[in-house]
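Below is one structure, written out as structure tokens; the observations come after it.
2 protein chains.
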Amino acid sequence: MSQQAEQMLDRHRETLDQAVKAIATRAFWTPYPESLKKYPEEAVKAAPKRFEALLKQHYALKVPSISGQVGSEVSPYGFELEVTYDQPEQGALIAAMQSAMPAWRDAGAEARVGVCLEILARLNDMSPDIAQAVMHTSGQGPLMAFQAGGPHAQDRGLEAVAHAWQAMSQVPTAARWVKPQGKHDPVVMEKRFHVVPRGISLVVACSTFPTWNTYPGLFASLATGNPVILKPHPGAILPVAMTVRVAQEVLEEAGFDPCLVSLVPDTADAPVTKALALDPAVKLIDFTGSNAFGEWLEQNAIQARVFTEKAGINTVIIDSVEQIKPVAQNLAFSLSLYSGQMCTTPQAIYVPKSGIQTADGRLTFDEVAGAIAKAVEAFLSDNDRACTVLGAIQSPATAARIDECRGLGEVQLDSEPREHPRFPEAQIHTPLLLKVDAAQKAAYSEERFGPISFVIGTDSTAHSIELAREVIGEKGAITLGAYTTDDAVAERFEGLAMDVAAPLSLNLDGGILVNQSAAFSDFHATGGNPAANASLCDQAFVTPRFVVVQSRRHARSE
Amino acid sequence: MSQQAEQMLDRHRETLDQAVKAIATRAFWTPYPESLKKYPEEAVKAAPKRFEALLKQHYALKVPSISGQVGSEVSPYGFELEVTYDQPEQGALIAAMQSAMPAWRDAGAEARVGVCLEILARLNDMSPDIAQAVMHTSGQGPLMAFQAGGPHAQDRGLEAVAHAWQAMSQVPTAARWVKPQGKHDPVVMEKRFHVVPRGISLVVACSTFPTWNTYPGLFASLATGNPVILKPHPGAILPVAMTVRVAQEVLEEAGFDPCLVSLVPDTADAPVTKALALDPAVKLIDFTGSNAFGEWLEQNAIQARVFTEKAGINTVIIDSVEQIKPVAQNLAFSLSLYSGQMCTTPQAIYVPKSGIQTADGRLTFDEVAGAIAKAVEAFLSDNDRACTVLGAIQSPATAARIDECRGLGEVQLDSEPREHPRFPEAQIHTPLLLKVDAAQKAAYSEERFGPISFVIGTDSTAHSIELAREVIGEKGAITLGAYTTDDAVAERFEGLAMDVAAPLSLNLDGGILVNQSAAFSDFHATGGNPAANASLCDQAFVTPRFVVVQSRRHARSE
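In structure tokens form, the structure reads like this:
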């Protein structure tokens, strides 16, 4: 084990121990503060300037053999980044990574985990800088870009390291096997056990959460010994490239080949993901993105273990509430946050056509839909706050989709454009809320990515549950919200959650949103329905990334 | 949790705790004695008669809806079993199993594990009976049929239960999540976590080890909440059917639907495995058998997690030895045991053409090959012992293969038929040992299932290692044996083992054979090379069999 890696592990041992404890108890914990105030004021203030200094430049990383340059990122806030990146020659890169693998494997779990923890610590220090890059590629608002792109993403990376550490720790390095032979001397074998990586790991990042969805696969693979290729979305390269640079620096300092973490950027016109995914050396693939491509990977990259997070029909079922106002406010926040561009944003809100019971009497279906619409309007009435919460639309396709969907139901709340006070070019649109009947299944049972949601009139809560079961069974869901004041109905929601393998958020009416998922405690997606075949992060996310190779020999006589 | 299941867990708690400890330390341990003397003498003596009483009968199991009867097993010892079995109607069976699943899921890990442990305990009690059924379907000799078919298979089942228990225990049932909010009150969420099975599990059994290779998948899936369909090989139904009967009895006693473990037998003419494997409800598949079918499953049953144990080119590399005699004797036993019909039998034995060093001076290549041949002859010189060790050839295709392969090299030791003292109809053949040059790669780098092995002349040990790396890289291997008196060479073998992900047995020259694999200590196959994509049994074998579904809600104010 390299002395440097050993020191890295020593430095972060307490963090590791606490992370392992947290994934076991699922209690609240994080070493990476989500409050900007906990970071040096200078660093926070300097971040926009530091970001600007990166623009119109080449962003250099260690690359074994360069085949070209790419880079055409456009900030959703309305300007071109003009940053270029080297594109590695695929064959040479794979060969270099394979050559680097045995030393990384043989360094052992402690060295690898030490390196991973040091990478995460340095990423945490530069969270204000990462936030700038995330904001100006994903279009997230500044606070979300900081939290989700920085500390929350690092949490998810650390969580993966903790799972990997725990899994590897369950394999002893050696054993003495003494088999009794009755009156004769026992047979004694000395055994050794090695954690052996599967091969090259490909992590395909998305444009909306370029770090949060990327760090789990990166760190789960790296900690278990696999070299990692990061393939960013062409529209969100910079935050991934910054991550790779940190990883390469730490690897090199610890005496390892920096190309163990490599960036392979591409362009929308000349995508390289399929060629990478089908490379026989690639044995692990993590993907976040569209159902079409996720399913293509699952069906075609059969030489690899494929971990996908795709999309589904995120669902809310309203049976009854104490007070409609806090519920509507909570849902308004959920629908508005990052303009519905989260994989966790609710799309289908089932409400009985006969209305719902509240502590203040019954509300009609229209009153429920109206309350949600009104809460959204109120929440977004201040334009500055609205722009901060909504962020910008990442892709023109999403903006176009709002128009395409307007005719799918009765408009309860129309989407409207907003002008950002500092970035007038940014595409900002408030949520579109449509009312439909349960029978209009084609409208609400297709994923409509972006700020587009449906309030669906059903015959009853039982009917809502049946529809949710059907739609989620077919299309999947990453989140399931539900509201009821009746304990028996709550148990039925709990049963539904298990049946469709979607995590349930019950009666959220305060500071927690259905779209939020806390590392170390909440399992993000379950891997058990069509929206994702993996969870961030459980044991099944890490254990297939390595195999155990043993050796045995007779014990030498003593 | 059912009271019965609770009592079952109480009864076997000590066994479970010890099993969990054993998979962590990898030290020798078993609760199921491998010595016949540890079983009631009456039971052992009565077993052949009890087996005969099963012949020419219908073997009844619980089946939701019967579509027909099958059964045409032939003992490799030369007689027809004439046992018939009900074939369930697939759609009705799947529907019944899906209906039974929620109660099994909701019973919880403790109840399920209690039931699994009771099934295993009862299977252990009936080991002498299982041995008869295994012997007269697989063709194994009586002692091997007892050990591998009985206690060793039960060990592997228990090992899977221990892994499943450990994995499920790492998920807490509940958590209180308290997130500080600075000066404000913390946000407090109550969370619940549920272990949720993936769906119906299909375990496709093989004809040579109908219980040993079946119990890991059966118990890993059942313990984690999945109903299990056992699809036996048409030639080896009875041992699987006996297992299903015990499982159904225990499930019913514990208050669960017996069809949670169901048998789906078929015939060679009308196989049902593909239809079952592609059923959308089938989410887990365990398969032991041919590369062709294993790869078909991996490529086509993409709605399921597929765990395969196929075949490879099991390898021995001889660099140098202290004494050739004990090495040759050890290899002779390995080559003879069950006529090479083990997935672990060596096929390719690499020896430098320049010969090898021993404590008594150098031996030529021909002397090494001759010593192995001579050891086989000596080992099998007593016909009674030979028949016990060799067992019978399970399939006519295997017997035919011996003739087909004779021309592939220079015959060092020819295969000869033997006559069993009690079963003159049994097909018994001693090992065929061929000498070839390293250049004759087509001969030794294809799997030749049965008692067919090659001594391969190489340029040097370095050349042997390179060839092994190449052949195992392409075709895989379940075992790797190696001999050297040089510590530096031993380390190179250790490196080779890691590079090709094959478990290494070094310098075996005593009572342990390269083809033996001890539960709780030896990882059987690694899952990291083309011979198998799973290991019996590691964490990756159990964790993908369930997902975690959580719920969360605000804590009620206190």
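From first to last, the protein sequence lines are chains A and B. 1 is the number of the first residue of the first sequence in this note's numbering; add one for each residue after it. 1001 is the number of the first residue of the second sequence in this note's numbering; add one for each residue after it. The beta-carbon is built from N, C-alpha and C at its ideal position, and this holds for glycine as well. For clarity, every value in this text was computed on a predicted model and none was experimentally measured.
Let me confirm a value: residue i is counted as buried when at least 16 other C-beta atoms fall within 10 Å, else exposed. Which label applies?
i, result
"residue 1231/B", "buried"
"residue 412/A", "buried"
"residue 1099/B", "exposed"
"residue 1112/B", "buried"
"residue 558/A", "Its pLDDT being 49, under 50, residue 558/A is placed unreliably by the model, and the measurement read from it follows with that caveat. The residue is exposed, with fewer than 16 neighbouring Cβ atoms inside 10 Å."
"residue 1452/B", "buried"
"residue 1279/B", "buried"
"residue 62/A", "buried"
"residue 462/A", "exposed"
"residue 269/A", "exposed"
"residue 11/A", "exposed"
"residue 201/A", "buried"
"residue 1522/B", "buried"
"residue 191/A", "buried"
"residue 1281/B", "buried"
"residue 1040/B", "exposed"
"residue 1418/B", "buried"
By the three-class DSSP mapping on this structure, what secondary structure does residue i have?
i, result
"residue 212/A", "coil"
"residue 333/A", "helix"
"residue 1553/B", "strand"
"residue 418/A", "strand"
"residue 1345/B", "coil"
"residue 251/A", "helix"
"residue 1482/B", "strand"
"residue 1154/B", "helix"
"residue 302/A", "coil"
"residue 278/A", "coil"
"residue 435/A", "strand"
Can you name the residues of chain A whose CB is closer than 7 Å to the CB of residue i?
i, result
"residue 1170/B", "24, 539"
"residue 1543/B", "539, 540, 543"
"residue 1074/B", "In chain order: nothing, as chain A lies at least about 36 Å away."
"residue 1535/B", "547, 548"
Could you tell me which chain B residues have their CB closer than 7 Å to the CB of residue i, listed as they occur along the chain?
i, result
"residue 114/A", "Those within 7 Å of residue 114/A in chain B number zero; the least Cβ separation is about 21 Å."
"residue 497/A", "1549, 1551"
"residue 333/A", "In chain order: nothing, as chain B lies at least about 14 Å away."
"residue 175/A", "1025, 1026, 1027, 1521"
"residue 494/A", "1551"
What are the residues that DSSP puts in a beta bridge with residue i?
i, result
"residue 1529/B", "1532/B"
"residue 232/A", "Looking at the DSSP assignment, residue 232/A forms no beta bridge with any residue, so it has no partner."
"residue 1309/B", "1288/B, 1532/B"
"residue 1237/B", "Paired residue(s): none; residue 1237/B is not in a bridge."
"residue 174/A", "192/A"
"residue 352/A", "458/A"
Strictly below 8 Å CB to CB, what residues from chain B border residue i?
i, result
"residue 561/A", "Within the shown structure, residues of chain A are numbered from 1 to 558, placing residue 561/A beyond reach of any answer."
"residue 554/A", "1507, 1508, 1509, 1510, 1512"
"residue 298/A", "1302"
Which residues in chain A have a C-beta closer than 9 Å to the C-beta of residue i? List them in chain order.
i, result
"residue 1526/B", "196, 547, 548, 549, 550"
"residue 1257/B", "Ordered by position in chain A, no residue passes the 9 Å Cβ test against residue 1257/B, which lies about 17 Å from the chain."
"residue 1193/B", "26, 523"
Throw me the rounded Cβ distance for the residue i and residue j pair, which I believe falls under 8 Å.
i, j, result
"residue 1195/B", "residue 1171/B", "6 Å"
"residue 1509/B", "residue 1330/B", "5 Å"
"residue 369/A", "residue 408/A", "About 15 Å separates the two Cβ atoms, so there is no contact after all."
"residue 472/A", "residue 312/A", "7 Å"
"residue 234/A", "residue 266/A", "6 Å"
With respect to 7 Å, is the separation between the Cβ of residue i and the closest non-hydrogen atom of the ligand ZN below this value?
i, result
"residue 438/A", "The ligand ZN is not part of this structure, which contains no ligands at all."
By the criterion of Cβ-Cβ separation under 8 Å, what are the contact partners of residue i in chain A?
i, result
"residue 1144/B", "Simply none; closest approach about 17 Å."
"residue 1503/B", "549, 550, 551, 552"
"residue 1167/B", "539"
Who are the neighbours of residue i on chain B, taking C-beta pairs under 9 Å?
i, result
"residue 187/A", "1028, 1510, 1511, 1512"
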